[in-house]
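A.B. asks:
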Amino acid sequence: MSETRKRLYRLFFGPRTISIEGTLLLVGLGLMLVGRWQDNEQWVRIGQWLALPFLLTLAVVLLVLAPWFWLKDRQRKRDA
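With this note's numbering applied, the sequence shown corresponds to residues 2 to 81, in that order.
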């Protein structure tokens, strides 16, 4: 595995990143649920903003990194 690939992997899937984003996601979802239950639109909005980093990381992984790694893997197999 190349050094760049290792750095990208650590950036997106390192323990600190996953812990922070997981915590924000859980707190955000909790606030969204409580806001819906209490009919408080402000709590729902705050919950959505807290869950946003997790959702953005998921979008980057699915839309950018996964196809990039797939193309690199195909190219490496074709060259071998």
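Note that beta-carbon positions come from the ideal geometry of N, C-alpha and C, so glycine has one too.
1) Look at the alpha carbon of Arg37 and the alpha carbon of Trp44, and state the distance between them as a whole number of angstroms.
2) Could you tell me whether the stretch 16-28 touches the stretch 66-78, using the rule of 3 or more Cβ pairs below 8 Å?
3) Arg8 to Leu34, Cα distance in whole Å?
4) How would you call Leu26, buried or exposed, if buried means at least 16 neighbouring beta carbons within 10 angstroms?
5) How many angstroms separate the CA atom of Tyr10 from the CA atom of Glu42?
C.D. replies: Taking the structure as given:
1) Reading the sequence shown from its first residue, position 36 is the one you call residue 37. Reading the sequence shown from its first residue, position 43 is the one you call residue 44. Taking the straight line joining both Cα atoms gives about 8 Å.
2) no
3) Within the sequence shown, the letter at position 7 stands for residue 8. Within the sequence shown, the letter at position 33 stands for residue 34. Taking the straight line from one Cα to the other gives about 36 Å.
4) Counted from its first residue, the sequence shown places residue 26 at position 25. So Leu26 counts as buried.
5) The count along the sequence shown starts at 1 and reaches residue 10 at position 9. The count along the sequence shown starts at 1 and reaches residue 42 at position 41. C-alpha separation (whole angstroms): 36 Å.
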